[in-house]
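*Asks:*
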Amino acid sequence: MKLRTFEGEQFEGEMTTDFPISQDGIPVLLVIDRPFSPEEAEFFIEYATQEELDLLREGGYDLPPWEGGGEGYEEVDEIDSDDN
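Under our numbering, think of the first position of the sequence shown as 410, with each following residue one higher.
(1) Given a threshold of 16 other Cβ atoms within 10 Å of its Cβ, counted over all protein chains shown, does G422 qualify as buried or as exposed?
(2) Can you give me the C-alpha to C-alpha distance between T414 and E451, rounded to a whole angstrom?
(3) Where does Q419 sit, in a helix, a strand or coil, going by DSSP?
(4) Per DSSP, what kind of secondary structure is E460 in: helix, strand or coil?
(5) Taking the straight line between their C-alpha atoms, what separation do you get for T426 and L464?
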């Protein structure tokens with residue numbers, strides 16, 4: 410998946426269960442070989458597949474879509490919360 414910081418820097422992210430902070434098989438976000446908990450992850454989603462969005466939701470992440478647009482990547486819809 411493609412992520413952006415608040416400053417607009419672009420990063421590649423992936424979901425994994427291969428880190429100690431991943432408890433009980435819950436996926437965590439990995440960016441530049443560093444795991445981020447849902448509380449630490451301050452990124453926008455520029456592009457993500459449906460599978461990646463599902464894993465983000467399963468891991469407890471609520472990342473907003475990148476509004477900057479462009480760069481040749483598809484925009485994503487906001488992740489719907491199941492807490493309604």
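Every residue, glycine too, gets a C-beta built ideally from N, C-alpha and C.
Remember, predicted model here, so these are calculated numbers, not experimental data.
*Replies:* A quick look at the data gives this:
(1) buried
(2) 7 Å
(3) strand
(4) helix
(5) 10 Å
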